[in-house]
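Single-structure report; data block below.
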Amino acid sequence: MEIKLTATNAHLLVEEIMGGDTAESIDDLYAFLDDSQFYAEAILNGGVNDEGTFIAVEDPRVRDAVSTVLSKLDLFRQAVADRYALLQGDQGVGSDADIEFDALYDDISSQVAGLSARYRGSAAVQQLAGDARYSMAHGHLLVEEALGGDTGEEFSDAIAAFENAVVALGEIRQAEPSAAAEITALETKTKRFADLAKARFALTSKQVGLMENADVVFDETFAQFIKIADEAETLVQEEMRLGIKRVKAGQTVALVVGAVTAIILLTTIFASFVWLDRSLGQRLTQLSKVLQRLLGGDLDVEPPTWRSTDEVGILRDSVDQLRDALMKQVRLERVAEQEKAEADQQRKSAESQRQEADAARQAAEREREETMARAASADRFAREFGAVVERASAGKFDKRIETKFQEPNLDALVQGTNTLMSEVDKGIAAMASVITELAKGDLTKNMNGTFVGDFADLQENVNQMIVSLTSLIGNISESGVTLASSSGELRDTADVLSRQSELNAASLEETSAALEELSASIRQVSENVSDARDNAKAARDTAQSSEKIATDAASSMDRIADASKEIIRVVGVIDDIAFQINLLALNAGVEAARAGDAGRGFSVVASEVRQLAQRAGEASKEIATVIAQSDEAVSEGVTKVTAAKSSLEAIAERVIKISEGVDEVSVAISQQSLGIQEITSAVGKIDQSTQRQAASYQEVTASGSLLASQAEALQQSTSLFKTSAEVQNFPQKGPASRSQDPRQKVAVGAGGRISDNSGWDEF
């Protein structure tokens with residue numbers, strides 16, 4: 009029904025206006041109620057509007073129900089007027105009381121600010137004036153929130169804040185007696201301000217109670233109205249169904265009358281005119297079929313197209329009017345059902361909107377709580393992060409952030425910070441331990457642990473350097489022992505050969521035997537010298553490889569230093585971002601100050617954001633300091649690796665000198681071999697060859713002594729390094745294939761006879 013539809017629209021409009029929708033007008037609301045009243049009165053008395061003409065209902069039950077609907081509509085109209093009147097008397101934001109309240113607050117704040125400016129040189133006045141202004145601002149904010157329905161704030165806290173402001177003003181009067189008159193006036197205004205707040209809160213509390221009662225009355229009245237309207241609608245629909253039944257009964261009577269008339273006419277016409285009987289029979293048959301289809305509910309059937317002014321024609325027109333009446337009734341029933349469905353949908357929509365409004369308020373409250381929780385988490389994180397940075401600034405990287413945060417971003421930042429501190433602490437400690445032991449000459453310590461990134465490269469290079477140094481020192485030590493043994497053997501052999509060469513002049517036979525023995529000895533010495541030369545070359549190559557590894561280690565540490573610089577640059581960017589946030593917070597504070605009371609709450613938030621930005625900037629500076637200290641530690645590591653590289657270069661130089669000495673021994677042995685060939689080819693020149701051999705033996709002896717001294721110096725250099733047991737306890741190499749002293753070998757005569765050892769006993 010139109011009554012319910014327009015009343016439901018009025019109910020929705022009331023909820024929008026009470027919810028603060030200023031785009032809606034109270035006049036539109038009353039227009040909906042007027043429409044509902046018109047439709048109800050039209051049912052009782054009839055009426056005409058743009059939709060058509062309405063006929064009054066005669067059924068007493070329908071009239072009583074519609075009269076009740078009109079009385080409930082009047083009650084509903086009164087409930088609407090009461091709610092709107094209470095809305096107009098609201099003491100909240102934007103009301104006259106709120107304007108007077110804010111004007112007095114601005115006056116007090118301005119005077120306190122002027123008082124602070126005049127006594128700028130008094131620290132006590134500055135402190136007390138700031139406390140008074142803060143107390144006034146805090147109390148003002150609490151009053152507005154309490155009046156706005158914020159149940160999380162206590163109004164007594166606002167009154168306590170105003171009292172604190174009065175106390176602060178009294179202390180200013182004691183500090184500056186010359187301002188007593190002005191302070192007294194400010195105290196009076198502040199007390200007046202507190203009284204206004206109390207009056208507004210009392211009136212608002214009372215009005216809230218009235219509003220709640222008005223809301224209950226409004227909802228109950230609307231529910232009763234809808235219930236009575238539903239009952240009236242049911243009666244109207246029942247009356248409509250009865251009307252349809254009466255129409256159908258009239259149709260049956262008309263059908264019987266028509267049939268009787270047709271029979272009479274047919275009898276008369278049959279008796280009088282045969283041709284008229286056929287004509288009337290066909291038309292009545294058509295009308296009978298149409299009536300049967302209409303009574304069966306088929307309203308789409310069309311009446312016969314013929315028309316006449318006789319009784320059959322009148323019957324045909326009656327059938328046509330009956331069809332139109334039935335079609336109109338069906339349309340009215342469909343419209344009524346559609347209106348009922350729309351009214352139900354609008355009622356559901358109104359309930360959904362009310363639920364959405366409640367959900368929005370709850371979401372806003374949750375958002376405020378979440379914002380406060382996030383601010384508390386950020387403050388707690390800043391404190392713990394500052395403690396970690398302070399500990400790191402002192403050179404200790406064992407401090408961690410222990411608190412678990414609910415915010416995923418803060419928790420990820422905590423984990424990242426802890427991981428960073430752990431990795432830096434572990435990497436620096438491991439590297440410092442290895443480098444310290446390396447500086448002491450201890451090659452048994454490795455850089456242990458699991459590292460990633462540049463620290464992993466550094467670990468690999470340092471451990472590889474230790475392995476290479478250990479292998480190098482072992483090879484050098486082994487070569488030194490071999491070289492010492494060979495040089496001693498060479499010195500002994502050269503001494504023996506020197507004595508033998510003095511006896512060669514006495515006997516060719518003895519000389520031939522001595523040449524055989526000398527040739528074998530020289531071959532052995534040549535092999536030993538060749539081995540020593542190969543070992544010296546290998547030691548030289550190993551030293552050069554270790555030098556390259558040390559260079560790579562220094563390069564890795566340089567890359568770590570470059571990464572530290574990049575971190576410092578990123579920290580600088582963070583510091584710039586914190587500075588920009590601080591500027592934005594300052595601008596927000598300025599804009600909030602310009603907005604006046606509406607921006608005071610946001611001003612407090614902007615101040616907190618500015619403080620957080622400042623703490624973030626300070627923390628980024630401390631991080632930069634820590635990274636700088638880490639860079640210094642890496643630089644120290646580069647210096648120690650460079651020192652190790654210098655030691656390797658010194659070792660390589662000594663190995664090169666030893667190799668040169670071995671080359672000289674090889675040259676001398678080659679010269680001996682040439683001398684032996686000349687002795688063998690020309691016995692006649694044995695005297696001259698013996699003299700050359702004696703000179704060569706002296707050179708070999710000198711070279712052997714020099715080689716021995718170089719081997720001793722090499723062993724002293726390698727003894728400074730501490731290596732593993734496998735390197736230190738290598739096997740000692742003795743002279744190869746020397747089963748007996750050459751002095752015990754027998755001489756072979758020229759004729760191939762083996763001579764006795766006569767003449768050799770003295771050796």
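Numbering of the sequence shown is given in the numbering used here, commencing with residue 9 and proceeding in unit increments. Ideal Cβ positions, reconstructed from N, Cα and C, are used throughout, including at glycine.
Going by beta-carbon coordinates alone, are ALA551 and LEU451 separated by less than 8 Å? no
Among GLU616, VAL74, ALA89, nearest to GLU49 - alpha-carbon criterion: VAL74
What three-state label does DSSP hand LYS730 in the structure shown? strand
Measure the CB-CB distance between LYS730 and ILE443 and report whether it falls below 8 Å. no
In this structure, how does DSSP classify ASP847 when only helix, strand and coil are distinguished? There is no way to answer for residue 847, as the model of the chain reaches only from 9 to 771.
Buried or exposed: which applies to GLY147, given that a residue is buried once 16 or more other Cβ atoms fall within 10 Å of its Cβ? buried
What is the DSSP secondary structure of GLY305, counted as helix, strand or coil? coil
With a 10 Å radius around its C-beta and 16 neighbouring C-beta atoms as the bar for buried, classify GLY122 as buried or exposed. exposed
Does the distance from the CB of GLN723 to the CB of SER494 come in under 8 Å? no
Please go through the segment 436-500 and give each complete alpha helix (DSSP H) segment of 4 or more residues, from N-terminal end onward. none
Neighbour-count burial assignment, ARG339, 16 or more Cβ in a 10 Å radius: exposed
Taking 8 Å as the cut-off, does the segment 669-679 touch the segment 463-481 (at least 3 CB pairs, one atom from each stretch)? As far as the Cβ criterion goes, the segment 463-481 does not touch the segment 669-679, which means the pair count is below three.
Exposure of ARG342, with buried meaning 16 or more beta-carbon neighbours within 10 Å: exposed
What is the residue span of the alpha helix (DSSP H) that ALA780 lies within? Outside the shown range of the chain (9 to 771) lies residue 780, about which nothing can therefore be said.
Cutting at 6 Å between CB atoms, please list the residues of its own chain near LYS206, excluding the five before and the five after it. Closer than 6 Å at the Cβ level, and outside the excluded window around LYS206, lies no residue.
Return the chain-ordered list of same chain residues with a C-beta closer than 8 Å to the C-beta of GLN134, the five sequence neighbours on each side being excluded. Once the five neighbours on either side are set aside, the close Cβ partners of GLN134 are SER124, TYR127, ARG128.
Among ASN483, LYS434, MET473, LYS448, nearest to PHE459 - alpha-carbon criterion: LYS434
Exposure of GLY742, with buried meaning 16 or more beta-carbon neighbours within 10 Å: Reliability of the predicted coordinates at GLY742 is poor, the pLDDT of 42 falling under 50, and the value obtained from them is presented with this limitation in mind. It counts as exposed.
Please report how far the alpha carbon of LYS348 lies from the alpha carbon of LEU41, in whole angstroms. 18 Å
Backbone CA spacing between SER725 and ASP419 [nearest angstrom]: If I take the Cα positions, the gap works out to 55 Å.
Just to confirm the assignment, what range does the alpha helix (DSSP H) spanning ALA402 have? Where ALA402 is concerned, there is no enclosing alpha helix (DSSP H), given that its DSSP letter is neither H nor E.
Using the three-state DSSP reduction, which class does GLY54 fall into: helix, strand or coil? coil
Under the rule that 16 or more other beta-carbon atoms within 10 Å means buried, what is ARG331, buried or exposed? The residue is buried, with at least 16 neighbouring Cβ atoms inside 10 Å.
Beta-carbon proximity check, ALA569 vs SER628, cutoff 8 Å: no
Can you tell me the Cα-Cα spacing of ALA187 and VAL175, whole angstroms? 15 Å
Would DSSP call GLU410 helix, strand or coil? coil
Where the alpha helix (DSSP H) containing SER186 begins and where it ends: Run containing SER186: none; DSSP gives neither H nor E here.
So, with DSSP's three-state summary, where would you put ILE585? helix
Three-way DSSP call (helix, strand, coil) for THR427 in this model: Helix, per DSSP.
Whole-angstrom Cβ separation of LEU136 and ILE180, contact assumed at under 8 Å? 5 Å
Under the three-state DSSP convention, the category THR650 falls into: Collapsing the DSSP output to three states places THR650 in a helix.
What does the alpha-carbon distance come out to for the pair LEU194 and VAL617? Near 32 Å, if we compare the C-alpha coordinates of VAL617 and LEU194.
Can you tell which of GLY625, ARG85, VAL646 has the C-alpha that lies nearest to the C-alpha of ALA440? VAL646
Can you list, in chain order, the residues of its chain with a C-beta nearer than 7 Å to that of ALA593? Leave out the 5 residues immediately preceding and following it. ALA614, VAL617, ARG618, ALA621
Buried or exposed (CB count within 10 angstroms, at least 16 for buried), GLY669: buried
Taking the straight line between their C-alpha atoms, what separation do you get for VAL422 and LYS412? LYS412 has its alpha-carbon roughly 8 Å from the corresponding atom of VAL422.
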